[in-house]
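**Q**
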Amino acid sequence: MTSNFKLILTDLDNTFLRSNKAISQFSLDVINECKQKGVIFGVATARSERTAEKYLNIIKPDLIISNGGALAKYKGKIIFESMLPVELSNNFIKDCLTDKNIGEITVETRDFYFRNNKKRIEAERDYLNATFNDYSKPLNKETYKITCEVYKPESAQKLLKKYPLCCYTPYRGELWGRFAHKDSNKIDAIKAVAQHFNIKKEQVICFGDDTNDIGMIDYFYGVAVSNAIAEVKQVAKKVIGSNDEDAVAKYIKNNIL
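Positions 1 to 257 (my numbering) are the ones given, in order, by the sequence shown.
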């Protein structure tokens, strides 16, 4: 091993996955080599485990940080969890439904991934693993995240003002954004994992490309892919090739293993 890194975290979309969502055999071989050498390999994604299931089954990471950092599991065991309370979630969804500048709504709970668009569920069933819910009745469940189509930023700010326990992360190049507990982010999840395994800050390396990667890229040894947004590149310790060049796997192979 050529470095002291003991924990590797990578974002999925536009970072580890190619733009067409493919995963090369080279990348898979590198992951296996990490495991053989005792390095924990994990993914840190805004996706839920349900919507990332197809890729997780191929990658088979040791660690899964999902829902933008609301949940961290090591080999199936929960290490970190941060959820919005039941009453807040019920009221938040109700307010979203009455705002004309908010469109489709998806909700992730421990047991279900809900959305209120039947057509998209049917069209993207293999990807979404979603259950239809029009939210006409309260869910009465804690939630990992509430994701909405936000047509005007003012609506998001209005919700944040009313619900200070929440944070909001807009998705790159989309009208969609994620509302979650303010402590629900990748950096806090990674800190909890590192503490659990007694891994030092300087022994953690993170790869990313988008807004919700900024915290972990800035705090730990952060590496940005060349297709990352400018804000990620600005805080990264290093900028490498693009996701379509298997840049993450190549960096791990050449600099860590």
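For glycine and all other residues, C-beta sits at the position ideal for the given N, C-alpha and C.
(1) From Asn243 to Arg47, what distance separates their C-alpha atoms?
(2) According to DSSP, simplified to helix, strand and coil, what is Arg47?
(3) What do you get for Asn212, buried or exposed, if any count of 16 or more other CB atoms within 10 angstroms of its CB means buried?
(4) DSSP three-state call for Val39: helix, strand or coil?
(5) So Ile8 packs on Ile190, CB below 8 Å; how close in whole Å?
(6) Just mark Glu108 as buried or exposed, buried being the case when its beta carbon has 16 or more other beta carbons within 10 Å.
(7) If we ignore side chains and look at the alpha-carbon of each, how far apart do Ile40 and Thr143 end up?
(8) If you run the structure through DSSP and keep just helix, strand and coil, what is Lys182?
(9) Thinking just about the alpha-carbon of each residue, which of Arg172, Asn133, Lys145, Arg18 is nearest to the one in Ile71?
(10) Rounded to whole angstroms, what's the CA-CA distance from Val225 to Lys238? Just pull it up for me.
(11) Let's test the definition: count the other Cβ atoms within 10 Å of the Cβ of Pro61 and tell me whether it reaches 16, buried, or not, exposed.
(12) Please classify Ser24 as buried or exposed, where buried requires at least 16 neighbouring CB atoms within 10 angstroms.
(13) Exposed or buried, Phe132, counting other C-beta atoms within 10 Å across all chains shown (16 or more means buried)?
(14) For Ile229, which residues in the same chain have their Cβ closer than 8 Å to its Cβ, ignoring the five residues on either side in sequence?
(15) Could you name the residues that DSSP lists as bridge partners for Arg115?
(16) For Lys162, collect the residues of the same chain with a Cβ closer than 8 Å to its Cβ; drop the 5 residues on either side in sequence, then sort them by chain order.
(17) With a threshold of 8 Å on Cβ separation, who are the neighbours of Met1 within its own chain once the five nearest residues in sequence on each side are excluded?
(18) State whether the segment 73 to 92 contacts the segment 12 to 31, with contact taken as three or more CB pairs (one from each stretch) at a distance under 8 Å.
(19) Please go through the same chain and pick out, in chain order, the residues whose beta-carbon is closer than 7 Å to the beta-carbon of Asn227, but skip the five residues on each side of it.
(20) Taking the alpha-carbon positions, what's the Ala180 to Leu56 distance?
**A** This is what the structure gives:
(1) Residue mapping note: residue 243 aligns to position 243 of the sequence shown, counting from 1. Residue mapping note: residue 47 aligns to position 47 of the sequence shown, counting from 1. Cα atoms of Asn243 and Arg47: separation of roughly 17 Å, rounded to the nearest angstrom.
(2) Taking the sequence shown and counting its residues from 1, the one referred to as residue 47 is at position 47. DSSP places Arg47 outside both helix and strand once states are collapsed to three, so it counts as coil.
(3) One-based indexing of the sequence shown puts residue 212 at position 212. So Asn212 ends up on the buried side.
(4) Here residue 39 refers to the residue found at position 39 of the sequence shown. Correct three-state label for Val39: coil.
(5) On the sequence shown, residue 8 is found 8 positions in, with the first residue counted as 1. On the sequence shown, residue 190 is found 190 positions in, with the first residue counted as 1. Contact between Ile8 and Ile190 is ruled out by a C-beta separation of about 11 Å, above the 8 Å threshold.
(6) Position 108 of the sequence shown, counted from the start, is the residue given in the question as residue 108. By the neighbour-count rule (16 or more Cβ atoms within 10 Å), Glu108 is buried.
(7) Taking the first residue of the sequence shown as position 1, residue 40 is located at position 40. Taking the first residue of the sequence shown as position 1, residue 143 is located at position 143. Going from the Cα of Ile40 to the Cα of Thr143 covers about 28 Å.
(8) Within the sequence shown, numbered from 1, the residue matching residue 182 stands at position 182. Residue state, collapsed to three classes: coil.
(9) If you number the sequence shown from 1, residue 71 lands on position 71. Reading off the sequence, residue 71 comes out as Leu, not Ile. Ranking Arg172, Asn133, Lys145, Arg18 by Cα distance to Leu71 puts Lys145 first.
(10) Here residue 225 refers to the residue found at position 225 of the sequence shown. Here residue 238 refers to the residue found at position 238 of the sequence shown. When rounded, the distance between both Cα atoms is 9 Å.
(11) Position 61 of the sequence shown, counted from the first residue, corresponds to residue 61. Using a 10 angstroms sphere on the CB of Pro61, the tally of other CB atoms reaches 16 or more, which defines it as buried.
(12) Residue numbering aside, residue 24 sits at position 24 when the sequence shown is read from its first letter. Counting the other CB atoms within 10 Å of its CB gives Ser24 a total below 16, which places it among the exposed residues.
(13) As a working note, residue 132 is residue 132 in the sequence shown. It counts as exposed.
(14) Counting from one through the sequence shown, the residue named residue 229 turns up at place 229. Answer for Ile229: Arg172, Asp209, Asp210, Thr211, listed in chain order.
(15) Looking up residue 115 in the sequence shown gives position 115. Here Arg115 is bridged, per DSSP, to Thr106, Phe132.
(16) In the sequence shown, residue 162 corresponds to position 162, counting from 1. Here the set comprises Asp95.
(17) Residue 1 sits at position 1 when you count from the first residue of the sequence shown. Note that Met1 has pLDDT 48, beneath the 50 cutoff, so the model's placement of it is unreliable and the number below is only indicative. The residues are Lys37, Val39, Ile256, Leu257.
(18) Under the Cβ criterion (8 Å, minimum of three pairs), the segment 73 to 92 does not count as touching the segment 12 to 31.
(19) Start at 1 with the first residue of the sequence shown, and residue 227 comes out as number 227. Taking Asn227 as the centre and dropping the five residues before and after it, the same chain places the C-beta of Asn14, Asp209, Ser242, Asn243 closer than 7 Å to its C-beta, in chain order.
(20) Counted from its first residue, the sequence shown places residue 180 at position 180. Counted from its first residue, the sequence shown places residue 56 at position 56. The straight-line gap from Cα to Cα measures roughly 23 Å.
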